[in-house]
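Worksheet: the structure to be examined is printed underneath.
2 protein chains.
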Amino acid sequence: MELAVKQDIASHIRQAGLRPTRQRLALGDLLFTGQHRHVTAEILHQEARDVTEHVSLATVYNTLHQFTEAGLLREVNVTGTKSFFDTNTREHHHFYLEKEDMLIDIDKDKMELSGLPTPPEGTSVEQVDVIIRLKKD
Amino acid sequence: MELAVKQDIASHIRQAGLRPTRQRLALGDLLFTGQHRHVTAEILHQEARDVTEHVSLATVYNTLHQFTEAGLLREVNVTGTKSFFDTNTREHHHFYLEKEDMLIDIDKDKMELSGLPTPPEGTSVEQVDVIIRLKKD
DNA sequence: ATTTGTGCAAATCGTTTGCATCTGA
DNA sequence: TCAGATGCAAACGATTTGCACAAAT
Numbered sequence: 004m005e006l007a008v009k010q011d012i013a014s015h016i017r018q019a020g021l022r023p024t025r026q027r028l029a030l031g032d033l034l035f036t037g038q039h040r041h042v043t044a045e046i047l048h049q050e051a052r053d054v055t056e057h058v059s060l061a062t063v064y065n066t067l068h069q070f071t072e073a074g075l076l077r078e079v080n081v082t083g084t085k086s087f088f089d090t091n092t093r094e095h096h097h098f099y100l101e102k103e104d105m106l107i108d109i110d111k112d113k114m115e116l117s118g119l120p121t122p123p124e125g126t127s128v129e130q131v132d133v134i135i136r137l138k139k140d
Numbered sequence: 004m005e006l007a008v009k010q011d012i013a014s015h016i017r018q019a020g021l022r023p024t025r026q027r028l029a030l031g032d033l034l035f036t037g038q039h040r041h042v043t044a045e046i047l048h049q050e051a052r053d054v055t056e057h058v059s060l061a062t063v064y065n066t067l068h069q070f071t072e073a074g075l076l077r078e079v080n081v082t083g084t085k086s087f088f089d090t091n092t093r094e095h096h097h098f099y100l101e102k103e104d105m106l107i108d109i110d111k112d113k114m115e116l117s118g119l120p121t122p123p124e125g126t127s128v129e130q131v132d133v134i135i136r137l138k139k140d
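Protein sequences, first through last, are from chains U and G.
Counting from 4, one number per residue, gives the positions in the first sequence under our numbering.
Counting from 4, one number per residue, gives the positions in the second sequence under our numbering.
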C-alpha cells in the first residue's frame, strides 16, 4: 500500500474515532480505494488474506460494524441470512440479482420516492432502503 | 377451527398445488384467518403449538416457503439474520421499527415510486421492496 | 399403491461472544 | 502504561438437510 493512500485511510479511520491499526488499514484500503463496492464479511476476509499477513474473521466483522456505525459504510439486507456492506453511503438504491446474489447500484436520480409517509408518533426515519429484485428471463 | 373456514383454507392450499394436510391447515388458519400479519417461523411455530396437536419447526419452514412460492405469502428481509413472512401479498411497503423488531404496513397509495429504472439486459423485475427504517426519537 | 408430507436430530451457515494476549497512543 | 483492539475457539440463532415413518390421493 502506498504511503499517501495509507495516510488517507488512516485519517479516514481516525475521523471515525478508531485507531488506525494494521488490520483496519488493510480492510480500509480494500474498501475505500478505487470503485465503490458491495462486500460481505466473508469476501472481505478472503481478500484481506490475499494481501496482508493476517486478519481474523471476527475482526472483519468488528471492523465492518464499526465502519458502518461511523457512517463509512452502509449495511444492506437482501436475504434473511447474510449482510452486504456498501462503500457508497450516499442516498441511492439497489437492484438485487437473485441468481448471482449480487447488488447493482441505482443512481439516486434515476428513481424518486414521492412523499414519504409520516412515521408513527415518536419515531423518525433512519434510513430508506429500496431493493428491486431481478430474475433472469 | 370451523368447518367453513377449514374448507376455505383447504381450497386455498389446493389451489397452490399442495395437499391440505393437518399441519398446513393449522398454519393456514393462523395465517389467513383475520387480519394480515407479519410472522417469523419461530412465532408461527409457537402459535401452532398453542392451538394444535403438533407441528415441527422444519414443517413450519417448509410450509412458509411453499406458501411463498405459491404466492400466498411474501417474504420480507429486514435484518441479515431472519425473515418475516407477510400475509399481505398486494403491492405495499413497510416501516421497520428496529427497536421492537417489527414491521408496519404502509398503504400502497401513501407512497409512490416514480419511474422504476430499466433493469439490466436479460433480467426483469420480480419484486420491489421498500423498507423505511425507523428509530425512536 | 404411490406420491407427497412430516418429524426428528444432526448439520450448516452467517454471525457473535468470552477471554487471554497484544498493540497503538 | 493501559485503554482499546485482536485472535481464537466456542457458542449462537436461524435455517436446511437426510432419512425413516406417516398420511393423502
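Note that CB positions come from ideal geometry on N, CA and C, so glycine has one too.
Beta-ladder partner(s) of residue i, from DSSP
i        : result
U:Gly115 : As written in the sequence, residue 115 of chain U is Glu, which differs from the Gly given in the question. Partner(s): G:Ser117.
U:Val128 : G:Leu137
G:Leu76  : Paired residues: none, contrary to the question.
U:Asp53  : Answer by DSSP bridge pairing: none, since U:Asp53 is not bridged.
U:Gln14  : Per the sequence shown, the amino acid found at residue 14 of chain U is Ser instead of Gln. Answer is none; U:Ser14 lacks a bridge partner.
Rounded Cβ spacing between residue i and residue j (contact assumed at less than 8 angstroms)
i        : j        : result
U:Glu101 : U:Arg136 : 6 angstroms
G:Glu115 : U:Ser127 : Contact doesn't hold; Cβ gap of about 21 angstroms is too wide.
Straight-line gap, residue i to residue j (C-alpha atoms, nearest Å)
i        : j        : result
G:Asp32  : G:Asp11  : 9 angstroms
G:Leu106 : G:Leu30  : 20 angstroms
G:His68  : G:His48  : 14 angstroms
U:Lys85  : U:Val63  : 14 angstroms
G:Pro23  : G:Ser14  : 8 angstroms
G:Gln130 : G:Leu119 : 12 angstroms
U:Thr90  : G:Val54  : 47 angstroms
U:Glu72  : G:Gln18  : 47 angstroms
G:Leu34  : G:Ala51  : 10 angstroms
U:Val58  : U:Asn65  : 11 angstroms
G:Glu45  : U:Gly83  : 14 angstroms
U:Thr92  : G:Ile134 : 17 angstroms
G:Lys111 : U:Gln26  : 46 angstroms
U:Val8   : U:Gly74  : 20 angstroms
U:Val79  : U:His41  : 9 angstroms
U:Leu60  : U:Thr43  : 11 angstroms
U:Glu94  : G:Lys113 : 21 angstroms
U:Gly125 : U:Ile16  : 33 angstroms
U:Phe70  : G:Ile109 : 31 angstroms
G:Leu6   : G:Gln38  : 19 angstroms
U:Asp132 : G:His96  : 11 angstroms
U:Leu28  : U:Tyr99  : 29 angstroms
U:Phe87  : U:Val81  : 8 angstroms
U:Lys139 : G:Leu76  : 22 angstroms
U:Pro123 : U:Thr36  : 40 angstroms
U:Leu21  : U:Glu56  : 21 angstroms
Coarse secondary structure for residue i, derived from DSSP in three states
i        : result
G:Val81  : coil
G:Val63  : helix
U:Leu34  : helix
U:Leu106 : strand
G:Leu47  : helix
G:His68  : helix
G:Leu100 : strand
U:Val58  : coil
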